[in-house]
Each structure stands twice: as structure tokens, then as C-alpha cells.
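Reminder that position 113 of the sequence shown reads as 112 in numbering that gives the first Met the number 0, one-by-one numbering, no gaps. Taking it in order: structure first as C-alpha cells, then the write-up.
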Amino acid sequence: MLAQVRPAQFDQWLEQCRAQGVTPLVLDVREPWECATASVTPDGFELLNIPMQDIPARQQELDPERPVACLCHHGMRSMHVGMFLLNQGFEQVTNITGGIDAWTRERDNAVPLY
0 MLAQVRPAQF DQWLEQCRAQ GVTPLVLDVR EPWECATASV TPDGFELLNI
50 PMQDIPARQQ ELDPERPVAC LCHHGMRSMH VGMFLLNQGF EQVTNITGGI
100 DAWTRERDNA VPLY
């Protein structure tokens with residue numbers, strides 16, 4: 000089952016990852032134009048943009064043992080990518096519920112809504 004985290008609880012997820020001694024990855028699966036419009040600022044995590052349709056061809060860029068939180072606009076694309084990664088043997092995958100839209104509303108209102 001794919002774990003879910005709301006942006007308002009994201010710091011707790013980060014703390015759990017840090018307790019393992021690793022820097023987690025936020026995998027932004029939106030299109031490049033979306034990332035140019037609005038993006039999160041890495042703070043205690045690495046940020047990587049791979050559009051959803053490119054994930055199968057580029058999954059070798061990801062460490063299956065590293066904690067990954069998937070992000071999109073509203074949480075559906077990221078949920079699909081998260082399920083795909085779990086099925087590929089990734090062990091610690093989480094979906095950021097509500098996507099960057101919820102990130103803006105719950106965590107950082109400096110991130111533009113679109």
C-alpha cells in the first residue's frame with residue numbers, strides 16, 4: 000500500500016527519514032512548464048523532476064532503497080508513479096497528498112497556485 004502524507008505533516012516524514020540517516024528525495028512528476036510555474040524549495044530533502052511519462056525509462060536514476068515522496072499538481076499523477084515504483088521494488092515510497100496545490104495552501108503560500 001502506498002503511504003500518504005499531507006504537506007502539513009511533511010516535516011514529520013522528513014524527521015523519520017533523517018532518523019534513518021538518509022536525505023530523502025522529493026520526486027516531482029509534473030511537466031517542466033508546471034515546475035517553472037510553481038516549485039517547492041528543497042529544505043532537508045533533494046528535489047528531482049522527472050515527468051510522469053518519463054519515469055519508466057528513467058527509473059534507474061532513482062535508488063530503490065532511498066525514501067521517495069512523489070509530488071504532482073493535485074496528487075493523482077504522483078499516486079500512480081508511487082504505485083509504479085512500489086511495484087518495481089522500491090521500498091519507501093510516499094505520495095504527497097493534494098500535490099503542490101495543497102503544499103501552497105498548507106505549507107508555503109509563497110508557492111504560486113495554478
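Here a beta-carbon is modelled for each residue, glycine too, at the ideal position from N, C-alpha and C. Model, not experiment: these values are computed from the prediction.
**Asked** Between the region 101 to 113 and the region 45 to 65, do at least 3 Cβ pairs fall closer than 8 Å?
**Response** Proximity of the region 101 to 113 to the region 45 to 65 falls short of the contact definition, fewer than three beta-carbon pairs being nearer than 8 Å.
**Asked** When DSSP builds the beta bridges, which residues end up paired with Cys69?
**Response** The residue labelled residue 69 in the question sits at position 70 within the sequence shown. Partner(s): Leu26 and Asn94.
**Message:** Going by beta-carbon coordinates alone, are Cys16 and Asp27 separated by less than 7 Å?
**Reply:** Indexing the sequence shown from 1 puts residue 16 at position 17. Indexing the sequence shown from 1 puts residue 27 at position 28. No, these two residues do not count as a Cβ contact at 7 Å.
**Asked** Hey, quick one: how far does the alpha helix (DSSP H) through Gln15 stretch, first residue to last?
**Response** Here residue 15 refers to the residue found at position 16 when the sequence shown is read from its first residue. Looking at the DSSP string, the run of the alpha helix (DSSP H) that includes Gln15 is Phe9 to Ala18.
**Prompt:** Helix, strand or coil for Leu1 per DSSP?
**Reply:** Position 2 of the sequence shown, counting from 1, holds the residue named residue 1. Looking at Leu1 - three-state DSSP - the assignment turns out to be coil, as it is neither helix nor strand.
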